[in-house]
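See structure below.
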Amino acid sequence: MKELTDILISEDCSLVMRTATGKIRKFHGRGVEDLYKLLNDEPAALRGAEIADKVVGRGAATLMILSGVAKLYTPVLSEKAAEILAASDVCYSYDKLVPNIINRRGDGICPVEALTSTAGSVKEAYKLITKFITDQRKKKGAGNA
Numbered sequence: 061m062k063e064l065t066d067i068l069i070s071e072d073c074s075l076v077m078r079t080a081t082g083k084i085r086k087f088h089g090r091g092v093e094d095l096y097k098l099l100n101d102e103p104a105a106l107r108g109a110e111i112a113d114k115v116v117g118r119g120a121a122t123l124m125i126l127s128g129v130a131k132l133y134t135p136v137l138s139e140k141a142a143e144i145l146a147a148s149d150v151c152y153s154y155d156k157l158v159p160n161i162i163n164r165r166g167d168g169i170c171p172v173e174a175l176t177s178t179a180g181s182v183k184e185a186y187k188l189i190t191k192f193i194t195d196q197r198k199k200k201g202a203g204n205a
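When you line the sequence shown up against our numbering, it's residues 61 to 205, in that order.
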């Protein structure tokens, strides 16, 4: 994990992944977008993977659990993410545990963290994340018209 963590920091990535086959991939997306895209477009890439992720809230943890990620390291982990990770097969470590992930403006809780906080299961949380991402994509598309 040290190699992934070093890349995460030195290359200012949002997420660095080593697939089960040993291939290292780097991502610079926002929020859970990269994980969501991987889970839906390349699920085999996540199965058994090791991930270093800049910030992990309940949404990201949900996607990692559903995709079969083996190991996770993050500098910042939310309490709600820790709760569901503890009940999963994902081996995880973190530097700082926080009550919630804060949004980019710094004036409230991350929308995906808030959205998934009351979901009764990771499958229910996934459905909420899917709706959120679909709605966000529609808004971006409408803004470009």
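Heads up, the beta-carbon is just placed ideally off N, CA and C, and yes, glycines get one too.
Item                                                                                  : Value
Pair within 7 Å by beta-carbon distance, Leu95 and Val116                             : no
Exposure of Leu157, with buried meaning 16 or more beta-carbon neighbours within 10 Å : exposed
For Arg90, the residue or residues it bridges with in DSSP                            : In DSSP, Arg90 forms no bridge with anything.
Thr134 burial status per 10 Å Cβ neighbour count (16 or more: buried)                 : buried
Minimum C-alpha distance to Lys183 - residue among Asp113, Ala121 and Ser153          : Ala121
Top-ranked residue by Cα proximity to Leu145, from Ile161, Ile125, Leu98 and Leu75    : Ile125
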